Amino acid sequence: MAASSRHVIVTGRVQGVAFRWATREKAVELGLRGWVRNHMDGSVEARIEGPEEHVETMLAWLHEGPRAARVRGVEVHAAEPEGTTEFEIRSTAY
Numbered sequence: 002m003a004a005s006s007r008h009v010i011v012t013g014r015v016q017g018v019a020f021r022w023a024t025r026e027k028a029v030e031l032g033l034r035g036w037v038r039n040h041m042d043g044s045v046e047a048r049i050e051g052p053e054e055h056v057e058t059m060l061a062w063l064h065e066g067p068r069a070a071r072v073r074g075v076e077v078h079a080a081e082p083e084g085t086t087e088f089e090i091r092s093t094a095y
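Every position in the sequence shown, counted from 1, becomes a number in my numbering once 1 is added.
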């Protein structure tokens with residue numbers, strides 16, 4: 002399976018609804034690497050790396066997010082792999 006890396010920005014009601022925690026849980030379930038963090042503008046940013054099929058599954062999940070979330074938009078860009086070895090929750094970006 003070919004490796005893939007994506008940079009993602011998710012907008013809507015995505016903070017204060019456990020979006021980062023649920024994203025990490027789903028990523029670990031899929032065997033993905035990368036990170037997720039909040040932004041001061043209310044969006045959530047993520048870097049997702051792993052097998053193309055699993056990355057695509059994760060991107061589909063991000064359009065819904067956890068139950069309390071209300072996703073308005075998902076912006077996806079191809080990205081160079083960062084070579085992370087796990088999926089982590091990072092501090093808020095200022």
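C-beta atoms are modelled at their ideal positions from N, C-alpha and C, and glycine is treated no differently. Note that this is a predicted model, so its numbers are computed, not measured.
Quick check for students: name the residue ranges of the beta strand (DSSP E) that lie wholly in the region 21-45, counting only runs of 3 or more. With a minimum length of 3 residues, the continuous beta strand (DSSP E) runs that stay inside the region 21-45 are 34-39.
In angstroms with no decimal places, state the Cα-to-Cα distance between V18 and A4. As a first step, residue 18 is located in the sequence shown; it is residue number 17 there, counting from the start. As a first step, residue 4 is located in the sequence shown; it is residue number 3 there, counting from the start. Rounded to the nearest whole angstrom, the C-alpha separation of V18 and A4 is 30 Å.
Kindly indicate which three-state DSSP category H64 falls into: helix, strand or coil? In the sequence shown, counting from the first residue as 1, residue 64 sits at position 63. If DSSP states are grouped into helix, strand and coil, H64 belongs with coil.
Return yes when the Cβ of V37 is within less than 8 Å of the Cβ of T24, no when it is not. For the purposes of this step, residue 24 is taken as residue 23 along the sequence shown, with counting starting at 1. For the purposes of this step, residue 37 is taken as residue 36 along the sequence shown, with counting starting at 1. For T24 and V37, yes; Cβs fall inside 8 Å.
Could you work out which residue in Y95, V11 and L60 is closest to P52 when comparing CA atoms only? Here residue 52 is taken as the residue at index 51 of the sequence shown, counted from 1. Minimum Cα-Cα distance from P52 among the listed residues Y95, V11 and L60 corresponds to L60.
Reduced DSSP category for V56 - H, G, I as helix; E, B as strand; rest coil: Translated into the one-based positions of the sequence shown, residue 56 becomes position 55. For V56, the secondary structure class from DSSP, reduced to helix, strand or coil, is helix.
Can you tell me which of S6, H40, G13 and T12 puts its alpha carbon nearest to the alpha carbon of I90? To locate residue 90, count along the sequence shown from 1; it is residue 89. Taking only the C-alpha atoms, the option nearest I90 is H40.
G51 in three-state terms, based on DSSP: Here residue 51 refers to the residue found at position 50 of the sequence shown. Strand.
Short check: CB of S6 to CB of E54, under 8 Å? Counting from one through the sequence shown, the residue named residue 6 turns up at place 5. Counting from one through the sequence shown, the residue named residue 54 turns up at place 53. S6 is not a Cβ neighbour of E54, given a cutoff of 8 Å.
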